[in-house]
Structure formats: structure tokens, C-alpha cells
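Engineer:
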Amino acid sequence: MSESVPERVLSEVIAENLRATQGINPGRGERRSWDRSIPILARDLVEAGLGGVEMLIEYQLPLTSKRADVILAGRDRRTGADSYLIVELKQWSQAELYEEDADLVLVSGMGHRPKLHPVVQVRGYCEYLADFVGALDQHRNAVRGVAYLHNASDPDIHDLYDHVEDERTRLFSKTRRGQFVDYLQAQFAPEPGAAAADRLLSSSIRPSKQLLKAAAGEIKNRDQFVLLAEQRLAYEMALHAVEKARAGNSKQVVIITGGPGSGKSVIALSLLGELSDRGYSALHATGSRSFTETMRRVVAKGSSRMKAMFKYFNNFMTAKPNDLDVLICDEAHRIRETSANRFTRSDQRTGRPQLDELINAARVPVFLLDEHQVVRPGEMGRVADITNYAHSLGLAVHQVDLDAQFRCGGSRRYEEWVLRLLGLDGDGPEVWKRDDHFAVSLTDSPYELEAMLRARLQEGYSARITAGFCWPWSAPSGDDSLVADVRIGDWARPWNVKGDRAVGNAPASALWASAPGGFEQVGCVYTAQGFEYDWNGVIFGPDLVYRDGRLVTVRSASKDPALMRRGVSDEQADQLIRNTYKVLLTRGMMGTAVYSVDPATQEFLAGLLET
1 MSESVPERVL SEVIAENLRA TQGINPGRGE RRSWDRSIPI LARDLVEAGL
51 GGVEMLIEYQ LPLTSKRADV ILAGRDRRTG ADSYLIVELK QWSQAELYEE
101 DADLVLVSGM GHRPKLHPVV QVRGYCEYLA DFVGALDQHR NAVRGVAYLH
151 NASDPDIHDL YDHVEDERTR LFSKTRRGQF VDYLQAQFAP EPGAAAADRL
201 LSSSIRPSKQ LLKAAAGEIK NRDQFVLLAE QRLAYEMALH AVEKARAGNS
251 KQVVIITGGP GSGKSVIALS LLGELSDRGY SALHATGSRS FTETMRRVVA
301 KGSSRMKAMF KYFNNFMTAK PNDLDVLICD EAHRIRETSA NRFTRSDQRT
351 GRPQLDELIN AARVPVFLLD EHQVVRPGEM GRVADITNYA HSLGLAVHQV
401 DLDAQFRCGG SRRYEEWVLR LLGLDGDGPE VWKRDDHFAV SLTDSPYELE
451 AMLRARLQEG YSARITAGFC WPWSAPSGDD SLVADVRIGD WARPWNVKGD
501 RAVGNAPASA LWASAPGGFE QVGCVYTAQG FEYDWNGVIF GPDLVYRDGR
551 LVTVRSASKD PALMRRGVSD EQADQLIRNT YKVLLTRGMM GTAVYSVDPA
601 TQEFLAGLLE T
């Protein structure tokens, strides 16, 4: 560090121009690894004559919990327009490429698992910010990014410079600190950046690119989504496993885990597009009829070839070993014990595990799953199940856990609150603490719930109502209308359509979550699972009620045929009902409103939520 910058000046810059965004307060509360990096960055700004540039610390990217270390906000030296520089600060002292892969690195002292190349990481942040922040609609080039390895000398990270620099992203080390100062001077005018920072922080957030609206372009162009941090790591790890398996004529298994909205299906579609472009034989498969049919109708619309890329898990009973290069198993928590059903020919009823069929079908099977979304008896898509089976076959397993939360407005707090409420994790329910990124409320009646969500729908947002499976589900009436089965007092609405054909203005089951007309029906877990909408309404039925200080399940109140089968224990039914509500409560991108038909449960929720 240069001694020409007095510590007093440096302290003033940090105090006046460092903003802790999104509720993080550096110096108090949480202490983070960037504590030691911020003074270094501030000193570089002062030396560049840019003491007025604003430093936004731990900036949370919109609609996700992922945070950029620092965003520098100021005025462009050439044009005078707002200019932003995302800085990814790394305290690494030594790093090298992972097996010559330009997108993955191994860091000395941090184990043998590869990490995402910091320039790839910051490039993703730049693209994502430009996609979602309204102030940048027409000014994508106003956002640039650098990875700053301020503890590393060039010889210790020399191969990280290969193929990493482009028009918007750069890499700097301790050795190149002078170049970094020059770069800052070239980017920013020596003027205050507070106004630019304010415009970024107060900018409107454009609606999220929902999966089904952008997937068609993703498959064809692979540039509709931006993969961030662990998402990109999972994507690169899967591609790396595929390349390695082909080169070594071997077989590997990849597992990608994450909660609702963490980006599993975005990764799956990105992989499908990229692998197809590279000439690999790759297919996408799920155990969900709604999800697969939606992929076929929306993603592959107009292309019979593309529709054939979307399969079901039970389509691989007779597949030849390693006939595919890659099988992408999305929603893998839906994997069942066997593929056989009542339509299966007797000669195919071998009792062979479905997991064996899926692993057998491809050189690299990729499983994307959330263990808390197992909602039917016989589903066994858990990490331990897959890992143990793969190891029994002598196969290597690579696992990546996604820690970001993209649904629920990026609110990890909300996901944790749901898990605690349902007794799936933590020490029991707690009062909801307001989160600016996600709205949670209690309504006094189903009428109020519907009116609130309809108002959001009329404002241009997407909205849906779901409920626990506690009412019968009738076939359409003779006049081709749906029966209003979901009855609460004098309020009554039909369930979503059962089949794959529309009934009147009600869309087919697979399109309930995305097609016009879906708001007029109540969705169940089997049609809501795997989808998302901006505003989410959830009706708690009598199968989950508050008694004796906790939420308990009432199996007899459920109308779900899956829970009425023989062999399903009360313990299994309890877990499945709780997982069902976990799925229903985590479909919203911007907010969730709830109502319970049980008075005691409604009172309990009122103690946790604002009305």
C-alpha cells in the first residue's frame, strides 16, 4: 500500500462513501471477510483521486439472496453518465485452474473442491444486474466488473489470466495494483457518486424472467438466463464431468441440490442447450406430468424434435446402457421406487429400481433435487439414496449445493421461517420479521385472500391460489364446467383441471400456473410444484392445524388418494403433508398471503403474521 495516503483521509473516505446496503451494517453486527479488503479498495480509490466515488457494500442482487462484494458508483469520465463497477474481492494468495478448465479454479488452503473463476463470477453479476435493474434498461454498458485478488502476486495466479478479460470484466492482482488504479481513473470522473448510487438503490426492479417465458430462447440461444455463483459452479461442474467422462470413457454422477427457486431448472435448461450445441446426446426428464408437458408445450412449441428432448423418468425402463451422453433429471425428488404402473406390460415388471434405470441410461446422469419437496409415497429422490446407489456401482459422485434463493424475492429468511413453521427445521415457529425483499401476510377470509391477489393480477403481476388437498376433486360436469369443490363457508371455487385439455376458460392442468384463466381455479401441490408466480395465496386445510402449542397433521382430513394407500404409515403421511405445505408456501416471487380454515390455526398464524 502507498504511504502517500494519510490514514485520516482514508478513514474519512470509508466513513463518508461506504454504504452497507440491504440491511448489512459493517463494523457492527456481522463481520465479514471483506472487512480487511475494504480499506485496501478505499486506499486505491483515494490514490486514483476518486475519493467521492460511492462504495455499496454487500449489494444484494434483485430477486436473489446473492450479494456482490462491492459496487462502486460514480460518473463516467468520458460521458458523464452514471457508471457502476462491481468488484469481487478475493483474499486468495494462490490459485490455479482446475484440470485446465478455464472456468474453475483450485484455491490454496481451501480444500480440493473447485471454485468458480472469480472473473466468471463477476461477469455473471454484471449481466444479471443489467437484466433486472430498471435504471439500466438502455445502459447495459454502464455496468462493468473486476475481480481483485489483492493478496496474490502474478506468479501465484498466472494461469487465471487465460481467457478471462473482455470488454466488461477484468482481473487484477497485488502485482497489478498500479494498473488497477489506472483502470479506476479511466472509468470514473473525480466527482461525487452519491447521486448515481441513489439512482441504483431506488431503481425499479423489472419482473423476473419466469422460467416458462424465457425457456424457449434459452434452449435455442442459451443467453436468456444468467447463472450466478453456485449456479454457474454447478453448471460448469456438470459440463466438466461430461467432458471428462467422454475423454476417459468413464461414467460419473452429478447431484445438484437446492431449495425452491434456487435455480435448479434454469441450470437444467442451460445444460440442455449447451450440451446439444456441443453435439452431445442429452435429454431432460422429470417425474412431473405438469412440468414435462409444460416444457413440451412452451419450450418446444412448434418443434417436434425439441419436444422429444423432454421425457419422463419411466421412459428409460428399456434404455441401453450409456446410450445417452447426459440425462438431466430435473425435479429428481420425484424419482419413484420403480417405473412400473398399472399400464406396464407384465414382461417389464421386473422390480428394477427406477434409480438404476436412470443411472444406467447415460454416461453422466445429472440429478437436480430438493429433499423437502417429496410429497408422494414411494418418492425416493434423496441425496443419500442416489449417492449410496451410485457408490454401490463403483461410480464417482460430484455434489454441488446451491445456497442462493431466487424464488421468494431472494429471501432466505422467509424460506427458513417456512421450515420452522412446518417443523421441518429449526427450533419451532417464530414471529415473521419484516423483510423488504418479500411480503408475508394473513388474510381474514378466502374472499379477502382472493380480492388481494386479484388486485395484484390487475396490476400486471402473476398470481395464483393453492390449498392443501382437503376437498374432493370432481370430474367436470356434463355441461363442460368445473365443480366448485373447494368450499369454505359460502365461498367456493373449483380445483384446477385434472387432465391435459382445457375445460371452458380453465387451462389444462399442466398450464394452470402460467396460462390465462388459471387464477379462477385453486391449484393443488401436483400442479403447483415446479412453478412460480409473483404473488402466492395459500389456504391451510384441516389436515394441518394448531393444537397443544404446535402444528400437527390430521391424516383423516386429507383427500389425497396417495395418502389413502395401504402401506403408507402415519409417520410418512405426516412428513408428506408438511412437505406439501412447504411446496405451496414457496411458489411466490414477491409475496405470500395465507388463510386457515381452522379457527385455532388462524389465531396461531395471527400471532406470527401481520394481517
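If you use our numbering, the sequence shown corresponds to residues 1 to 611, in order. Where is the CB? At the ideal position from N, CA and C, for every residue including glycine. As the structure is a computational prediction, the values presented were derived from the model and not from experiment.
At the level of alpha carbons, what is the spacing between M452 and Y533?
Structural biologist: Between M452 and Y533, the C-alpha separation is close to 15 Å.
Engineer: Do you know offhand how far I267's Cα is from M110's?
Structural biologist: Spanning the two alpha carbons is a distance of roughly 25 Å.
Engineer: Between the Cα of Y161 and those of L104, N141, A130 and A197, spot the shortest distance and give me the residue it belongs to.
Structural biologist: Ranking the options by Cα distance to Y161, first place goes to L104.
Engineer: Taking one C-beta from the region 469-482 and one from the region 440-460 each time, how about it: are there three or more such pairs within less than 8 Å?
Structural biologist: Segments in contact, no.
Engineer: Which two residues bound the contiguous beta strand (DSSP E) that contains F172?
Structural biologist: Where F172 is concerned, the enclosing beta strand (DSSP E) stretches over T169 to S173.
Engineer: Is I40 helix, strand or coil by DSSP?
Structural biologist: Helix.
Engineer: Can you give me the C-alpha to C-alpha distance between L358 and T387, rounded to a whole angstrom?
Structural biologist: If you take the alpha carbons of L358 and T387, they lie about 13 Å apart.
Engineer: Can you give me the Cβ contacts of A573 inside the same chain, cut-off strictly under 6 Å, excluding the 5 residues immediately before and after it?
Structural biologist: Around A573: R555 and L563.
Engineer: Return the residue from the list A189, S204 and G378 that minimises the CA-CA distance to Q48.
Structural biologist: It should be noted that the sequence gives Ala, not Gln, for residue 48. Nearest option by C-alpha distance: A189.
Engineer: Output the boundary residues of the beta strand (DSSP E) element that contains D69.
Structural biologist: Element bounds for D69: R67 to R75.
Engineer: Rounded to whole angstroms, what is the Cα-Cα separation between T235 and W491?
Structural biologist: The displayed chain sequence assigns Tyr, not Thr, to residue 235. Cα to Cα, Y235 sits roughly 46 Å from W491.
Engineer: Could you check if R334 is buried or exposed, using at least 16 other CB atoms within 10 Å of its CB as the buried criterion?
Structural biologist: That one is buried.
Engineer: Would DSSP call G381 helix, strand or coil?
Structural biologist: Residue state, collapsed to three classes: coil.
Engineer: Looking at A285 and I328, is the spacing between their C-beta atoms short of 8 Å?
Structural biologist: Closer than 8 Å, so yes.
Engineer: Which of the three DSSP states is assigned to M452 in this structure?
Structural biologist: In the structure shown, M452 sits in a helix (DSSP, three-state: H, G or I).
Engineer: S647: which of E379, L324 and V299 sits nearest, CA to CA?
Structural biologist: The shown model of the chain, from 1 to 611, leaves out residue 647, and the question about it has no answer.
Engineer: Is it a yes or a no for the region 538-555 touching the region 503-511, going by three-plus beta-carbon pairs under 8 Å?
Structural biologist: In short, these stretches do not touch, since the Cβ pair count stays below three.
Engineer: So what does DSSP say about S83, is it helix, strand or coil?
Structural biologist: It is a strand residue.
Engineer: I need the boundaries of the beta strand (DSSP E) containing F310, first residue and last residue.
Structural biologist: That run of the beta strand (DSSP E) goes F310 to Y312.
Engineer: For P365, count neighbouring C-beta atoms within 10 Å of its own C-beta (all shown protein chains included) and say buried if the count is 16 or more, exposed if not.
Structural biologist: Counting Cβ neighbours within 10 Å, P365 comes out buried, since at least 16 surround it.
Engineer: Using CA coordinates, which residue listed in V374, R336 and V122 is at the minimum distance from D356?
Structural biologist: Taking only the C-alpha atoms, the option nearest D356 is R336.
Engineer: May I have the straight-line CA-CA distance separating L283 from M237, to the nearest angstrom?
Structural biologist: So the alpha carbons of these two residues sit roughly 18 Å apart.
Engineer: Between the Cα of R170 and those of R123, Y546, S276 and G518, spot the shortest distance and give me the residue it belongs to.
Structural biologist: The candidate whose alpha carbon is nearest that of R170 is R123.
Engineer: Taking C-alpha atoms, which residue in G591, L50, V568 and S204 lies nearest to E379?
Structural biologist: Closest option to E379, Cα to Cα, is V568.
Engineer: Alpha carbon to alpha carbon, how far is D403 from H372?
Structural biologist: Those two C-alpha atoms are separated by around 15 Å.
Engineer: Per DSSP, D401 forms a beta bridge with which residues?
Structural biologist: Its beta-bridge partners are T257.
Engineer: Looking at A81: is its Cβ nearer than 8 Å to the Cβ of H158?
Structural biologist: Going by C-beta atoms, A81 is not nearer than 8 Å to H158.
Engineer: Starting from E531 and walking both ways along the beta strand (DSSP E), at which residues does that stretch end?
Structural biologist: Correcting the residue identity first, residue 531 is Phe in this sequence and not Glu. Segment: none, F531 is in no beta strand (DSSP E) and carries neither H nor E.
Engineer: Can you pull the DSSP bridge partners for I328?
Structural biologist: Paired residue(s): H284 and V366.
Engineer: Measuring CA to CA, which of S346, H150 and C126 is closest to A42?
Structural biologist: Among S346, H150 and C126, the Cα nearest to that of A42 is on H150.
Engineer: Within a Cβ cutoff of 8 Å, which residues of the same chain sit near Y312, ignoring the five residues on either side of it in sequence?
Structural biologist: Result list for Y312: A285, T286, G287, R289 and T292, in chain order.
Engineer: Kindly indicate which three-state DSSP category Y414 falls into: helix, strand or coil?
Structural biologist: Helix at Y414.
Engineer: Could you give the first and the last residue of the continuous alpha helix (DSSP H) run that contains L160?
Structural biologist: Per DSSP, L160 belongs to no alpha helix (DSSP H) and is neither H nor E.
Engineer: Does the Cβ-Cβ distance between R363 and N315 come in under 8 Å?
Structural biologist: No, Cβ-Cβ distance for R363 and N315 is not below 8 Å.
Engineer: In chain order, which continuous runs of the alpha helix (DSSP H) of length 4 or greater are located wholly inside the region 530-608?
Structural biologist: List check, alpha helix (DSSP H) in window: 570-585 and 599-606.
Engineer: Which residue from F519, G489 and S477 puts its Cα closest to that of Y461?
Structural biologist: The candidate whose alpha carbon is nearest that of Y461 is F519.
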